[in-house]
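Undergrad: Listed in order, the protein sequences are those of chains W and L. Each residue of the first sequence is one higher than the one before, counting from 1 in our numbering. Each residue of the second sequence is one higher than the one before, counting from 1001 in our numbering. Ideal Cβ positions, reconstructed from N, Cα and C, are used throughout, including at glycine. My structure is below; once you've seen it, I'll send some questions.
There are 2 protein chains.
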Amino acid sequence: MARIKWVFFDIDNTLFDSQRLAAEARKNAVRAMIKAGLKAKPNEAFEKLMSIVKRYTSNYPEHFDRLVAEYDVEKELRAKIIAAGQGEYHNTKFRLLVPLEGVKETLRKLKRRGYSLGIITNGRAVKQWDKIIRLSVSEFFEPSTVIISEDAKAEKPQESIFTYALWKAKCPPHEAIMVGDKEEDMAAKHVGMHVIMVRRGQSFSEILKQVERIEKGR
Amino acid sequence: MARIKWVFFDIDNTLFDSQRLAAEARKNAVRAMIKAGLKAKPNEAFEKLMSIVKRYTSNYPEHFDRLVAEYDVEKELRAKIIAAGQGEYHNTKFRLLVPLEGVKETLRKLKRRGYSLGIITNGRAVKQWDKIIRLSVSEFFEPSTVIISEDAKAEKPQESIFTYALWKAKCPPHEAIMVGDKEEDMAAKHVGMHVIMVRRGQSFSEILKQVERIEKGR
């Protein structure tokens, strides 16, 4: 029978809907660019933007510059159109960076039941912390158990990011659960941790029942 | 007797209070960093931040990293504190990026009286356009007469940024006015333009009277 002490969470698509956020932010950005003078069809420009993001990765800072470069834009309009896209992208992002329904309540309940909570996430440290703070969930996690790949020098699904987290938490693997939305999160089971898969559209309060089920060894 | 056709404006400290914005944003950022775990006194940390801004210029992207480096901060807390500072800086900035009282009304009146309006500003093109868009004044200016030093390859007080603007506007110097808050803006008079100095705390609607006075050759 398990006795669980730690529950670790992924951030993107686990604590908030990052897929929806990115899609909405990019759609709104394209609309704002067209309004600012870009002569393009919204759907076509959105598809172009998506292939730029795919090609240059999502952390590349000049997606909108590249998009403008794909069109025949007067030199005088370039900066205005790029600024319109970037501004609207950020506005949408900040507006939609809210926890999924039930997240804060569930984290609160888990804490109240005596579990310690951590984060295991891939990405850049300051960027991931910005999300934790904007989601208003920083109170639930000790900074020492917020494990970000940039600091950990390992990325999910690599085993060493999970063992690093366990070492920081002073927790044996079978007393810890990893909650995430991807196969790379489920890789935690290779080091002996329990895992819970969050499915799109599923209520976050389900997590509580799944933790109980693991706790009871079922 | 003058017959004025064009009125050009500076952006920072002319259309909005950038001095207040920067000070508030940095004060709030320091407070957020302390709340996130930085062991510092607010005033002292603010002074340190100001000297970092002065030393590395305001466009340098790692002010908050430098500030954290001046304190003895646990490695685990670094990214959290930097993210807290950057996030609060941006929140404050977006909240305070609003036109000074009377700006939009005055621009509207000037347009209605038949003047064409332009911008002559120092800075990076996308950043300055972001301000114009967030201030909701982009409708008043044609992109071709928004003259930004990065594109114009000249900076105020250099004469060529003013002559470039006049060339774009197809306007002789004595039919144009430059409105700004600094000596570098007043340098427009060296190419023969009229100038209006905006003074801190002065009502923006004063501009209208000053344009009339110039128009009447007084």
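Could you name the residues of the same chain whose beta carbon sits closer than 8 Å to that of S203/W, not counting the 5 residues immediately before and after it, in chain order?
TA: Closer than 8 Å at the Cβ level, and outside the excluded window around S203/W, lie E101, G102.
Undergrad: Just checking: is the beta-carbon of L1117/L within a distance shorter than 8 Å of some beta-carbon in chain W?
TA: No, because no Cβ of chain W sits closer than 8 Å to the Cβ of L1117/L.
Undergrad: Looking at the unbroken beta strand (DSSP E) that takes in F46/W, where does it start and where does it end?
TA: That residue, F46/W, is in no beta strand (DSSP E); its alpha helix (DSSP H) goes 42 to 56.
Undergrad: Is it right to say P1229/L is buried, meaning 16 or more other beta carbons lie within 10 angstroms of its own, or is it exposed?
TA: With chain L covering 1001 to 1218 only, the question about residue 1229/L has no answer from this structure.
Undergrad: Which same chain residues, not among the five before or five after T1145/L, have their C-beta less than 6 Å away from its C-beta?
TA: For T1145/L, where only same-chain residues beyond five positions count, the Cβ hits under 6 Å are G1118, K1168, A1169.
Undergrad: Near I1132/L, what residues of its chain come up, given a Cβ to Cβ distance below 6 Å and the 5 sequence neighbours on each side ignored?
TA: Excluding sequence neighbours, I1132/L sits near S1138.
Undergrad: Do three or more CB pairs link the stretch 42 to 51 of chain W to the stretch 148 to 163 of chain W at distances below 8 Å?
TA: Flag = no, the stretch 42 to 51 of chain W and the stretch 148 to 163 of chain W do not touch.
Undergrad: Taking the C-alpha atoms as reference points, what is the distance between F1009/L and G1114/L?
TA: Their backbone Cα atoms lie some 16 Å apart in a straight line.
Undergrad: Could you name the residues of chain L that P157/W contacts, counting a contact when the two beta carbons are closer than 9 Å?
TA: Going along chain L, no residue has its Cβ under 9 Å from P157/W, so there is no contact; the nearest lies around 22 Å.
Undergrad: Determine the DSSP secondary structure at F94/W, reduced to helix, strand or coil.
TA: Looking at F94/W - three-state DSSP - the assignment turns out to be helix.
Undergrad: Using a Cβ-Cβ distance under 8 Å, would K1080/L count as near chain W?
TA: Closer than 8 Å: yes.
Undergrad: How about D1072/L: is its C-beta nearer than 8 Å to some C-beta of chain W?
TA: Taking Cβ atoms only, chain W never reaches closer than 8 Å to D1072/L, which makes this a no.
Undergrad: Do you know offhand how far D185/W's Cα is from F16/W's?
TA: Roughly 16 Å separates the two Cα atoms.
Undergrad: Using only alpha-carbon positions, find the residue among I52/W, P99/W, G180/W that is nearest to F64/W.
TA: Considering only alpha carbons, the answer is I52/W.
Undergrad: Looking at the ligand SAH, does it come within less than 7 Å of L67/W, judged from the CB to the closest heavy atom?
TA: The model on display carries no ligand, and the ligand SAH is accordingly not part of it.
Undergrad: Under a Cβ-count criterion, where at least 16 other Cβ atoms within 10 Å of its own Cβ denotes burial, should S149/W be classed as buried or exposed?
TA: S149/W should be labelled buried.
Undergrad: Spell out a yes or no on whether the stretch 1076 to 1083 of chain L and the stretch 119 to 130 of chain W are touching, meaning 3 or more CB-CB pairs, one atom from each, closer than 8 Å.
TA: Cβ pair count under 8 Å is three or more, so yes.
Undergrad: Go ahead and pull the three-state DSSP assignment for L1100/L.
TA: In this structure, L1100/L counts as coil in the three-state DSSP scheme.
Undergrad: Can you find the residues in the same chain that come closer than 7 Å, C-beta to C-beta, to L1077/L, ignoring five residues on each side of it along the sequence?
TA: Only G1037 meet the Cβ criterion.
Undergrad: Can you list the residues of chain W that W1006/L reaches, using a CB-CB cut of under 9 Å?
TA: None at all; the shortest Cβ gap to chain W is about 16 Å.
Undergrad: Along the alpha helix (DSSP H) that carries H1063/L, what are the first and last residues, could you check?
TA: Start and end: 1063 to 1069.
Undergrad: Quick check: is the beta carbon of G1123/L nearer than 8 Å to any beta carbon in chain W?
TA: Chain W, which has no Cβ nearer than 8 Å to the Cβ of G1123/L, makes this no.
Undergrad: Does the Cβ-Cβ distance between F1140/L and K1109/L come in under 8 Å?
TA: No.
Undergrad: Please compile the residues from chain W whose C-beta is within a distance smaller than 7 Å of the C-beta of A1083/L.
TA: Simply V126, W129, D130, I133.
Undergrad: To the nearest angstrom, how far is it from the Cα of K1253/L to the Cα of M197/W?
TA: This structure cannot speak to residue 1253/L, because chain L is shown only from 1001 to 1218.
Undergrad: Mind checking D1072/L: buried by the 16 CB within 10 Å criterion, or exposed?
TA: D1072/L is exposed by the Cβ-count criterion.
Undergrad: Using CA coordinates, which residue listed in G1201/L, S1205/L, R1199/L, I1177/L is at the minimum distance from G1192/L?
TA: The option with the nearest alpha carbon to G1192/L is I1177/L.
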